[in-house]
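K.L.:
Protein chains: 2
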Amino acid sequence: MRNDVRHLRLGKGLSQQALGEALGVSRQTINAIEQGRYDPSLPLAIRMARYFGKVVEEVFHVDP
Amino acid sequence: MRNDVRHLRLGKGLSQQALGEALGVSRQTINAIEQGRYDPSLPLAIRMARYFGKVVEEVFHVDP
DNA sequence: CTCCGATGTAAAGCGTACTTTCCATAGGTA
DNA sequence: TACCTATGGAAAGTACGCTTTACATCGGAG
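So the sequences go chain by chain: A and B.
Just so we're aligned: the first sequence equals residues 1 to 64 in UniProt numbering.
Just so we're aligned: the second sequence equals residues 1 to 64 in UniProt numbering.
1. Taking DSSP as the reference, what is the three-state secondary structure of residue 2 of chain A?
2. Say whether chain B places a C-beta atom closer than 7 angstroms to the C-beta of residue 45 of chain A.
3. Among residues of its own chain, excluding the 5 on either side of residue 59 of chain A, which ones have a beta-carbon nearer than 8 angstroms to its beta-carbon?
4. Got a sec, what are the start and stop residues for the alpha helix (DSSP H) residue 56 of chain B sits in?
5. When DSSP builds the beta bridges, which residues end up paired with residue 41 of chain A?
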C-alpha cells in the first residue's frame, strides 16, 4: 500500500510528532507509515483520512 | 468499530464462506468481523468496501 | 562551535489480525 | 432417521501494528 501521508502532512506544515499527537499515536508510528514500513490499523487510517478531509481511499492506495 | 458487512453480504445473497473466498480470507475472518470481534486490516477493509461498491467509511463506522 | 528540532531506525514487549483444524448447533431436505 | 449447508466459536501458531526507550544524523539558529 502506498499513501500520501507525508505530502498531506507537509501541506499542513506539521512535524511527524505534531501529526502523531493530533492522531493519538507516536511519531515513530507516523514515520513507519510514511515510509511504507507497515500499514496503519483501520481505525487509525480512518482517523488520518478524516483529519485531512479525505476518505481512506484518497489517502491509501493499493499498489498495482 | 461497527460495520455493515453482514447486511451488505446478505444483500448480495452470499454465505460467509462465499464472501471470504471472494475477498481472499477465511470464513472465520468474515464471521469475526461481522461479530465485531476485531477490525479488518486496512487492505482487507479497502477490498471489502470496493467489493460492495462503497468507500471504507460507508462500511466501517467509528463507535461513538 | 553549540544547541535543537526534525527525522530515521532498532530492540523488546504487548495486543490483534488471520490462519488451520476442530467441535458444536440449527434448519432444511430426502 | 440421516445428511448437508450455514453459522458460531475455541486453540495454537504466525505476522503485524503500536508502544517506549534509546541512539544517531542533519540543518538551522544563536
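Cβ coordinates follow ideal geometry from the N, Cα and C atoms, glycine included.
P.N.:
Reading off the structure:
1. Looking at residue 2 of chain A - three-state DSSP - the assignment turns out to be strand.
2. yes
3. 3, 4, 5, 8, 45, 48, 49 and 52
4. 56-59
5. B/41
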